[in-house]
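In what follows, a single structure is set out as structure tokens and then discussed.
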Amino acid sequence: MLLVEKESKMAIAGPVGNLESALSRGDNDATLSALNAVVIVCHPHPQHGGTMDNKVVTTLMRTYRDLGVHVLRFNFRGVGGSEGVFDNAVGELDDLLAVIGWAKNNLPESPLLLAGFSFGSSIAARASYSVDGLLHLTLVAPPVERYEYDRDGVFNAPVCVVQGDKDERVIAQGVYDWVARLQSPAELICYPETGHFFHGYLAQLKTDLSVVLLRQIIL
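Sequential numbering of the sequence shown, starting at 1, is according to this note's numbering.
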């Protein structure tokens, strides 16, 4: 599949119907463009207004895109133009696995990265074990007290975790304690003055995450 357009909208066949998706082309002149990699980004909780157009998700999109990584966003079942109904993180994992399958078939030369915000981070974390050769995993505001994430503290790729101290939906200290226990290469970006949606800090998040991605991926 040729990535000609800056962003292409499409429908990806999922387990219970089409999944509304968007593929953004990475900057051809950026640092990571030679990798020809693609990141799949997962949005927050469908029943709390989460969509692939969420501001944190689109910040992640711009972060990867400007580094030269292609970005594939999609709406989980029942969100926006995606068919089906919410399935309590079970069917949503199947949705992501279907999107991963699409990426492997249509961009076979592109190594994969995964990223997710809040609820979406748990889906990305669990799906990461199904991706051979995964380059990187980014987890933003992960509710580790509510969902499964790691397997015995080990992921199959370097991990970056982003968290705000004043998160009103996730227990920040629980996230910090969890990251400290991980045995895989992991970096933590924390913001003492921000909450769950990183209001006022999205530009800083983009800058800081870019630095970590370059360090973890290039090394």
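Each residue gets a CB set at the ideal place from its N, CA and C atoms; glycine is no exception.
Same chain, Cβ closer than 8 Å to residue i, five either side skipped, listed in chain order
{"i": "N28", "result": "G68"}
{"i": "M61", "result": "S24, V41, V71 and R73"}
{"i": "L209", "result": "L60, T63, T138, C160, V162 and I189"}
{"i": "R181", "result": "G153"}
Presumed contact (8 Å Cβ cut-off) between residue i and residue j, rounded CB distance
{"i": "V99", "j": "S24", "result": "Actually they are not in contact, since the Cβ atoms of V99 and S24 sit about 14 Å apart, beyond 8 Å."}
{"i": "V56", "j": "V140", "result": "6 Å"}
{"i": "L93", "j": "L112", "result": "Not a contact, Cβ separation roughly 16 Å."}
{"i": "K206", "j": "T31", "result": "Incorrect: roughly 14 Å between the Cβ atoms, too far for contact."}
{"i": "Q163", "j": "A172", "result": "6 Å"}
{"i": "G80", "j": "F86", "result": "That pair is no contact at about 13 Å."}
{"i": "T59", "j": "L202", "result": "5 Å"}
{"i": "R65", "j": "G26", "result": "5 Å"}
{"i": "N36", "j": "S128", "result": "That pair is no contact at about 20 Å."}
Residue i - DSSP class collapsed to helix/strand/coil
{"i": "F119", "result": "helix"}
{"i": "Q183", "result": "coil"}
{"i": "A34", "result": "helix"}
{"i": "H48", "result": "helix"}
{"i": "L97", "result": "helix"}
{"i": "R77", "result": "coil"}
{"i": "R65", "result": "helix"}
{"i": "L135", "result": "coil"}
{"i": "Y147", "result": "coil"}
{"i": "S8", "result": "strand"}
{"i": "S82", "result": "coil"}
{"i": "G124", "result": "First, the amino acid is wrong: residue 124 is Ala here, not Gly. Three-state result, A124: helix."}
{"i": "G14", "result": "strand"}
{"i": "A172", "result": "helix"}
{"i": "V161", "result": "strand"}
{"i": "V90", "result": "coil"}
Counted within 10 angstroms of its Cβ, other Cβ atoms place residue i as buried (16 or more) or exposed
{"i": "Q216", "result": "buried"}
{"i": "R126", "result": "buried"}
{"i": "S122", "result": "buried"}
{"i": "Q204", "result": "exposed"}
{"i": "N88", "result": "exposed"}
{"i": "V211", "result": "exposed"}
{"i": "V38", "result": "buried"}
{"i": "I218", "result": "exposed"}
{"i": "S184", "result": "exposed"}
{"i": "D132", "result": "exposed"}
{"i": "H136", "result": "buried"}
Same chain only: Cβ atoms within 7 Å of residue i, ignoring 5 sequence neighbours per side
{"i": "H45", "result": "S118 and F119"}
{"i": "K166", "result": "E193, T194 and G195"}
{"i": "Y149", "result": "S122, A125 and P142"}
{"i": "W102", "result": "I12"}
{"i": "V175", "result": "P142, V144, V161 and Q163"}
{"i": "S33", "result": "G26, D27 and G68"}
Cβ neighbours of residue i in the same chain (closer than 6 Å, five flanking residues each side left out)
{"i": "V170", "result": "A141 and P143"}
{"i": "L188", "result": "V161 and V179"}
{"i": "G84", "result": "V16, G17, R77 and G78"}
{"i": "H43", "result": "G50, T51, M52, N54, V57 and G120"}
{"i": "Y147", "result": "S122"}
Check: residue i C-beta below 7 Å from any heavy atom of the ligand ATP
{"i": "D87", "result": "Among the components modelled here there is no ligand, and therefore nothing to report on the ligand ATP."}
Taking contact to mean at least 3 C-beta pairs separated by less than 8 Å, is the stretch 5-17 in contact with the stretch 51-58? No, because fewer than three Cβ pairs between the stretch 5-17 and the stretch 51-58 fall closer than 8 Å, the two stretches do not touch.
Three or more C-beta pairs under 8 Å: does that hold for the stretch 193-210 against the stretch 152-159? Contact between the stretch 193-210 and the stretch 152-159 is absent, because fewer than three Cβ pairs lie under 8 Å.
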